[in-house]
Ligand SMILES: NC(=O)c1ccc[n+]([C@@H]2O[C@H](COP(=O)([O-])OP(=O)(O)OC[C@H]3O[C@@H](n4cnc5c(N)ncnc54)[C@H](OP(=O)(O)O)[C@@H]3O)[C@@H](O)[C@H]2O)c1
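Residue numbers (UniProt numbering): 1 to 334.
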């Protein structure tokens with residue numbers, strides 16, 4: 001008979017139905033946590049159904065309705081939790097005419113809203129905030145020979161000028177979180193994933209996995225703009241969040257990225273691996289600075305990150321299983 005994992009206590013995950021949060025909840029349940037997940041649309045079976053299928057969910061998952069834009073909305077969810085993983089933040093795959101209302105306010109004000117709820121919770125030990133590598137690399141004043149690390153911050157002026165709303169929202173939200181937590185003595189650790197690749201538990205694809213599906217089907221537009229990019233396996237990102245929470249010595253920001261490569265190099269790896277897919281071979285060049293990431297701080301947490309090949313293999317298998325790609329793609333080159 002399978003043994004029940006030993007209980008690790010109660011934690012909260014915001015935006016539970018999302019791509020990354022769902023995988024984080026899967027990992028938290030497997031390691032024995034009781035998890036309170038927040039969702040906006042708790043009755044929507046299509047959005048939350050996959051969470052109830054996770055191992056341990058029936059016994060140790062509890063869902064609560066909460067919205068980033070409703071003050072005090074997270075009070076109930078975080079109360080009694082020793083850890084709060086704040087992952088909810090808008091990731092839009094489409095242009096918006098209202099960046100303030102659709103992206104910036106939910107990200108920045110929403111983060112402060114969650115932190116104010118955390119402040120009311122006497123059981124709180126640590127908050128782990130899902131930030132993004134876009135809070136580090138959106139700048140044009142660095143030496144490309146020196147890999148970017150956690151000491152780097154994206155330029156607010158550049159993000160505003162180029163209308164890179166997502167990077168701006170994540171940069172301002174993380175900065176606001178640090179300021180609030182320092183003032184209010186909350187133990188905060190932030191995880192900065194690069195582009196997250198891997199299986200999707202939600203049946204509807206999030207914007208980044210939809211971009212990957214587009215690429216595998218021959219679309220060039222999104223990855224032309226993504227240009228040079230860091231990539232990381234979703235399971236490694238989830239494990240990094242848990243290590244950032246559990247490790248007593250974890251402090252500050254953690255860049256979480258396996259490999260940084262140009263879009264041309266990425267498609268050459270993918271086209272060789274999946275010859276039956278109409279993967280584009282080349283992209284129109286966009287003017288972007290060359291960069292690498294220095295992830296030595298992350299490596300101190302003790303996790304070995306999966307390769308580009310492994311992350312895409314898991315992603316392609318999941319897209320095929322979910323019916324987004326036909327089974328012929330499973331015939332790989334080797
Ligand atoms: N995917 C990547 O490559 C990547 C890379 C670096 C960092 N991240 C970060 O990872 C986190 C999760 O992103 P994801 O890729 O998993 O995207 P996702 O599936 O779109 O998840 C975003 C989550 O945020 C929630 N959310 C958005 N606005 C909200 C609001 N007003 N109130 C409550 N919840 C709200 C969404 O809730 P609903 O389900 O109700 O819409 C959803 O659960 C984000 O913080 C993102 O910035 C992602």
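Quick reminder that beta carbons are idealized off the backbone N, C-alpha and C, glycines included. A quick note: this is a predicted structure, and the numbers were derived from the prediction, not measured.
Range covered by the alpha helix (DSSP H) that runs through residue 106: Looking up residue 106 in the chain shown gives position 106. Start and end: 105 to 119.
For a test of the three-state rule: what should DSSP assign to residue 293, helix, strand or coil? Counted from its first residue, the chain shown places residue 293 at position 293. Here residue 293 sits in strand by DSSP.
Cα-Cα separation between residue 94 and residue 285, rounded to whole angstroms: By one-based count along the chain shown, residue 94 stands at place 94. By one-based count along the chain shown, residue 285 stands at place 285. For residue 94 and residue 285, the distance between alpha carbons rounds to 21 Å.
The alpha helix (DSSP H) that contains residue 261, what's its start and end? The residue given as residue 261 occupies position 261 in the chain shown. Unbroken run through residue 261 is the beta strand (DSSP E), 259 to 261; no alpha helix (DSSP H).
Could you tell me the boundaries of the alpha helix (DSSP H) in which residue 223 lies? Position 223 of the chain shown, counted from the first residue, corresponds to residue 223. Looking at the DSSP string, the run of the alpha helix (DSSP H) that includes residue 223 is 221 to 226.
Please confirm if residue 298 has its CB atom under 8 Å from at least one CB of chain C. Looking for chain C here will not work: only one protein chain is present.
Should residue 39 be counted as a contact of ligand 1 given a C-beta to heavy atom distance under 7 Å? In the chain shown, counting from the first residue as 1, residue 39 sits at position 39. Because some heavy atom of ligand 1 lies under 7 Å away, the Cβ of residue 39 counts as near it: yes.
For the beta strand (DSSP E) that residue 230 lies in, which residues bound it at each end? The sequence position of residue 230 within the chain shown is 230, counting from 1. Start and end: 229 to 233.
Distance check for residue 150 and residue 135, CA to CA, integer angstroms please. In the chain shown, residue 135 corresponds to position 135, counting from 1. In the chain shown, residue 150 corresponds to position 150, counting from 1. Rounded to the nearest whole angstrom, the CA to CA distance from residue 135 to residue 150 is 9 Å.
Assign residue 55 to one of two classes, buried (16 or more other C-beta atoms within 10 Å of its C-beta) or exposed (fewer than that). Sequence index remark: in the chain shown, residue 55 carries index 55 (1-based). Counting Cβ neighbours within 10 Å, residue 55 comes out exposed, since fewer than 16 surround it.
Can you check DSSP and say which residues form a bridge with residue 195? The sequence position of residue 195 within the chain shown is 195, counting from 1. 231, per the DSSP bridge assignment.
How about residue 61 and residue 42: are their beta carbons less than 8 Å apart? For this step, residue 61 is matched to residue 61 along the chain shown. For this step, residue 42 is matched to residue 42 along the chain shown. Residue 61 places its beta carbon 8 Å or farther from that of residue 42.
C-alpha distance - residue 353 paired with residue 78, whole-angstrom precision: Residue numbering for the chain in the displayed model covers 1 to 334; residue 353 lies beyond these limits and cannot be assessed.
May I ask you to verify whether the region 204 to 211 touches the region 141 to 149, counting CB pairs closer than 8 Å and requiring at least 3? no
Tell whether a beta-carbon distance below 8 Å holds between residue 189 and residue 171. The residue given as residue 189 occupies position 189 in the chain shown. The residue given as residue 171 occupies position 171 in the chain shown. The answer is no: Cβ separation not under 8 Å.
Strand pairing of residue 10, partner residues [DSSP]: In the chain shown, counting from the first residue as 1, residue 10 sits at position 10. Bridge partners of residue 10: 34.
Does the Cβ of residue 68 lie closer than 7 Å to at least one heavy atom of ligand 1? On the chain shown, position 68 is the one that residue 68 refers to. Under cutoff, so the answer is yes.
Compare the C-alpha of residue 292 against each of 125, 255, 37 and name the closest. Locating residue 292 in the chain shown gives position 292, counting from the first residue. For the residues 125, 255, 37, the minimum Cα distance to residue 292 belongs to 255.
Rounded separation between residue 10 and residue 34 - CA only: As a working note, residue 10 is residue 10 in the chain shown. As a working note, residue 34 is residue 34 in the chain shown. Computed Cα separation, rounded: 5 Å.
Mind checking which residues open and close the beta strand (DSSP E) that includes residue 83? Taking the chain shown and counting its residues from 1, one reaches residue 83 at position 83. 83 to 86 is the extent of the beta strand (DSSP E) around residue 83.
Any non-hydrogen atom of ligand 2 closer than 7 Å to residue 193 Cβ: Because ligand 2 does not appear in the structure shown, any question about it cannot be addressed here, the ligands present being ligand 1.
Assigned exposure category for residue 278 - 16 Cβ within 10 Å defines buried: Counting from 1 along the chain shown, the entry for residue 278 is found at position 278. Exposed, by the Cβ-count rule.
Is residue 275 near ligand 1, with its Cβ less than 7 Å from a heavy atom? Stepping through the chain shown from its first residue, residue 275 is reached at position 275. No; taking the cut-off as 7 Å, the Cβ of residue 275 has no heavy atom of ligand 1 nearer than that.
What three-state label does DSSP hand residue 80 in the structure shown? Here the question's residue 80 lines up with position 80 in the chain shown. Here residue 80 sits in coil by DSSP.
Please report the residue range of the beta strand (DSSP E) in which residue 127 lies. Looking up residue 127 in the chain shown gives position 127. Element bounds for residue 127: 126 to 130.
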